[in-house]
Structure formats: C-alpha cells, structure tokens
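K.L.:
Just add 36 to wherever you are in the sequence shown, counting from 1, and you've got our numbering.
Beta carbons are placed, not taken as given, at the ideal position from N, Cα and C, and that holds for glycine.
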Amino acid sequence: MDLNKHYPIDALKESGFIRKRCRICGKYFWTLNENRGVCADHEKYSFINNPVGRRISYKNVWRDFSKFLEKRGYIPIKRYPVVARWRDDLEFVIASIADFQPWVVEGYIDPPSEKLTVPQFCLRFNDLGNVGLQVDTIPVL
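#1: In whole angstroms, give me the CA-to-CA distance for Glu106 and Lys151.
#2: Pick from Asp146, Leu68, Lys95, Gly73: whose alpha carbon is nearest that of Ile84?
#3: Could you tell me which uninterrupted beta strand (DSSP E) segments, each at least 3 residues in length, are contained entirely in the stretch 55 to 117, listed from first to last along the chain?
#4: With a threshold of 8 Å, are at least 3 pairs of Cβ atoms found where one atom belongs to the stretch 42 to 60 and the other to the stretch 68 to 80?
#5: Relative to the C-alpha of Tyr116, which residue among Phe101, Gln137, Tyr144 is closest?
#6: Please state whether the Cβ-Cβ distance between Arg72 and Lys56 is less than 8 Å.
#7: List the DSSP bridge partners of Phe3.
#8: Please list the terminal residues of the continuous alpha helix (DSSP H) segment that includes Lys41.
#9: Mind checking whether Phe157 and Val118 have CB atoms under 8 Å apart?
#10: Please list the terminal residues of the continuous alpha helix (DSSP H) segment that includes Lys49.
#11: Any C-beta of chain B sitting closer than 8 Å to the C-beta of Tyr116?
#12: Who are the near neighbours of Val129 in its chain, counting only those whose CB is closer than 8 Å to its CB and skipping five residues on each side?
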C-alpha cells in the first residue's frame, strides 16, 4: 500500500510521530512514544494517561447515556432493524435518520417526540473514505 497516498506521512513525521509494528498482532500504528511496542488494541483503555475507573459494558453505556438524556427531556425509543426493509432504495440503515424516512422526514406523520434517543446500529459501505480505511467499530448514530 502506498501510505503517502492515504496518510499525511510528512505531516505525521514533522509532528514527531513514529510508525511502528505491534509486537502482538503485527498491525502498524503511529505513536509519539519511541518505547511503545503495542498498538491501542492491546493496551488497557485510558484517557490521556488517566485509566478509566470502572469497567462498563456496551449495553450499560447505552443505558446510562439514555437515562442521562431522559432526565433532560429526551424520549428513548427502541432501535430499528439494521436491514432497512421499509425502504426500497436502501439495503441497510446507514444512520438513525433512516428510521424516520420517509414518513416523519417528509411530514406524513409527526415524530414520537422532538427529542429522541435511539441506539441504532448502522452499516456504512459507500463512504469508507469519509470514515477511514479501517473501521473497527459499529457506530450508533
């Protein structure tokens, strides 16, 4: 792969970044730490060298986030299927807005609330250039 075509190599190097290979999985990564030997997939999660105090599951992150927003007037609703069966122009849900197209978006019906939260799983294929060459997450948009 031609890294110069996909990444700002010169800018990274000018900023002090070093390209290294993870000693565990073999993936390449950029770092400012010349002593670092593993990529982010193989270290404990921390935020700017401050480890997270408690472990929490994906499901509980959503639950806590939903409760936080519910206290502020948002109505939580259940997610739609990731396969967009109600749309003939879309195979998969690419963002939570698809849950409400065309009915709410085009004004045929009112939304359940002006303030909603939905844990909508989305699949993105046609815009990987916008989100990166390697996507290791399932976004909830």
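P.N.:
Here's the rundown:
#1: Straight-line Cα distance between these residues: approximately 9 Å.
#2: Nearest C-alpha to Ile84: Leu68.
#3: 64 to 67
#4: The answer is yes - the stretch 68 to 80 touches the stretch 42 to 60, with three or more Cβ pairs under 8 Å.
#5: Gln137
#6: Yes, the pair counts as a contact, with Cβ atoms nearer than the cut-off.
#7: Because residue 3 is not part of the residues shown, which for the chain are 37 to 177, the question remains open.
#8: For Lys41, the uninterrupted alpha helix (DSSP H) segment begins and ends at 39 to 42.
#9: yes
#10: 45 to 50
#11: Protein chains in the displayed structure number just one, and chain B is not present.
#12: Correct list, in chain order: Tyr116, Pro117, Val118, Val119, Ala120, Asp135, Gln156, Phe157, Cys158, Leu159.
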